[in-house]
Ligand code: AHG
Ligand code: MN
Ligand code: MN
Ligand code: MN
């Protein structure tokens, strides 16, 4: 008989052991910040599970800076995160999809990290009970800064950690602190995230593509030519289509199964749809840490220097060989 595991590796234990390995260089502040984020994920997860029962589905009645109608869960998740991150004492600047301006934390609670986040990703899927998530990226303020907007207007390659939590058939937190990617699953009875996916690496090639092809009439020629090449391949083995419409879920599947996820800029959405700071950067960071590629089609996403906190960018990410195939079309198709 298989006996239960008596040596569970919780998220906190795992992150702490990393810090211990780093020795004197680590103060434990990042561990405490990650712990605060973990608690927000559990708090949001429990509300997501009960949403239909406690009147948490539907619109909140306000519009955010992106021009999107906010759902009740967008607003609630944002409030949960802002409160917890401020109270952690470890943050200096917060940027949220749902807040027009960045929050500069007052001196009494100021720390040295900045968190950029999408509190609830995949809002359009909430009411149908389809997977949704939370995305976050973390920068450290520069040594001479007290926390200013410049501390987050930096390339994604300068992030010290990034991750997401997916609220799906299981609740998974996926995290990188710059030394690979690890995945944890919430054991609801324990209230702990347990290491279940150590050292996630994306297969070098997949068999799945994930685009909102309803936008094909707007796509630029290289994207349509690439999509045609995987749907009508010369080897007679076309790719499968999977598109959930929650970036967290589509990226999670891509990290585990391989393939390519894309949300390109097009003739209608000149800069694409996904937001650079709190959607594209964290996911690009995780993708690269897992051995994949993340590009706009013409540039490495993590190299972009943001001008505005809510700017958007074109996104393609996934298995190395699949993204390289797409890049050939960007080079060759006018
Ligand atoms: P959010 O719900 O945080 O506003 O993000 C929605 C994003 C992202 O999750 C997803 O990849 C994309 O929008 C889906 O867009 P379409 O509905 O246009 O396909
Ligand atoms: Mn939104
Ligand atoms: Mn989103
Ligand atoms: Mn969102």
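Residue numbers (the working numbering): 1 to 334. Beta carbons are placed, not taken as given, at the ideal position from N, Cα and C, and that holds for glycine.
#1: Suppose the cutoff is 6 Å on Cβ atoms and the five residues either side in sequence are ignored; what does the same chain contact list for residue 357 look like?
#2: Measuring only the C-alpha atoms, how far is residue 104 from residue 148?
#3: When you compare only the Cα positions, how much space is there between residue 98 and residue 328?
#4: Leaving aside the five residues before and after residue 251 along the sequence, list all residues of the same chain whose C-beta is less than 8 Å from its C-beta, in chain order.
#5: For a minimum of 3 consecutive residues, which ranges assigned as the beta strand (DSSP E) are wholly contained in the segment 146 to 194?
#6: At a threshold of 7 Å, does residue 247 count as lining ligand 3 (C-beta to nearest heavy atom)?
#7: Name the one or two DSSP bridge partners that residue 315 has.
#8: Can you tell me whether residue 69 is helix, strand or coil according to DSSP?
#9: Measure how close the beta-carbons of residue 276 and residue 161 come, nearest whole angstrom, since I'm counting them as under 8 Å.
#10: Quick test of your reading: residue 315 and residue 296, contact by CB under 8 Å. State the CB separation rounded to the nearest angstrom.
#11: Can you name the start and end residues of the beta strand (DSSP E) that residue 210 belongs to?
#12: Look at the Cβ atom of residue 258, then the Cβ atom of residue 202, and state whether they are nearer than 8 Å.
#13: Is residue 250 close to ligand 1? I mean its beta-carbon at under 7 Å from any heavy atom of the ligand.
#14: Is any heavy atom in ligand 4 found nearer than 7 Å to the beta carbon of residue 106?
#15: Ligand 1 and residue 83: does the residue's C-beta get closer than 7 Å to at least one heavy atom of that ligand?
#16: Mind checking residue 3: buried by the 16 CB within 10 Å criterion, or exposed?
#17: Please tell me whether residue 182 and residue 308 are closer than 8 Å, where the distance is taken between their beta carbons.
#18: Count Cβ pairs between the segment 205 to 215 and the segment 61 to 69 that sit closer than 8 Å; are there 3 or more?
#19: Does the segment 109 to 124 touch the segment 79 to 98, meaning 3 or more C-beta pairs lie closer than 8 Å?
#20: According to DSSP, which residues form a beta bridge with residue 121?
#21: Is residue 68 a contact residue of ligand 1, with contact defined as CB to any heavy atom under 7 Å?
#22: Tell me which same chain residues have a C-beta within less than 8 Å of the C-beta of residue 199, skipping the five on either side of it?
#23: Give the single residue among 294, 245, 265 whose Cα lies nearest to the Cα of residue 122.
#24: Measuring alpha carbon to alpha carbon, tell me which residue in 26, 18, 1, 38 is nearest residue 191.
#25: Just to confirm, are residue 292 and residue 323 a CB contact at a threshold of 8 Å?
#26: In the DSSP output, which residue or residues are listed as bridge partners for residue 91?
#27: Which residues in the same chain have their Cβ closer than 6 Å to the Cβ of residue 230, if we skip the five residues on either side of it in sequence?
#28: Looking at C-alpha atoms only, which residue of 111, 236, 175 is the closest neighbour of residue 289?
#29: Provide the residue span of the beta strand (DSSP E) that contains residue 63, from first to last.
#30: Under 7 Å from any heavy atom of ligand 4, does the C-beta of residue 123 make it?
#31: Which value, in whole angstroms, describes the spacing of the CA atoms of residue 143 and residue 312?
#32: Quick one: grab the DSSP three-state call for residue 140.
#33: Along the alpha helix (DSSP H) that carries residue 36, what are the first and last residues, could you check?
#34: Are the beta-carbon atoms of residue 102 and residue 36 separated by less than 8 Å?
#35: Does the Cβ-Cβ distance between residue 136 and residue 11 come in under 8 Å?
According to the data block:
#1: Lying before the first or after the last residue shown, residue 357 is absent from the chain, which here runs from 1 to 334.
#2: 7 Å
#3: 36 Å
#4: 164, 261, 283, 286, 287, 317
#5: 161 to 167, 171 to 176, 182 to 187
#6: yes
#7: 263
#8: strand
#9: About 17 Å; that fails the 8 Å criterion.
#10: Residue 315 to residue 296, Cβ: 7 Å. Contact.
#11: Per DSSP, residue 210 is one residue of the beta strand (DSSP E) stretching across 208 to 210.
#12: Yes, the pair counts as a contact, with Cβ atoms nearer than the cut-off.
#13: Placement of the Cβ of residue 250 at a distance of less than 7 Å from at least one heavy atom of ligand 1 is found.
#14: Of the heavy atoms belonging to ligand 4, none sits nearer than 7 Å to the Cβ of residue 106.
#15: no
#16: exposed
#17: no
#18: no
#19: yes
#20: 133
#21: For ligand 1, a non-hydrogen atom lies closer than 7 Å to the CB of residue 68.
#22: 180, 181, 182
#23: 245
#24: Cα-wise, what sits closest to residue 191 is 38.
#25: yes
#26: DSSP output for residue 91 lists 110, 113 as bridge partner(s).
#27: 209, 239
#28: 175
#29: 59 to 63
#30: yes
#31: 28 Å
#32: strand
#33: 29 to 50
#34: no
#35: Using a Cβ distance threshold of 8 Å, residue 136 and residue 11 do not count as a contacting pair.
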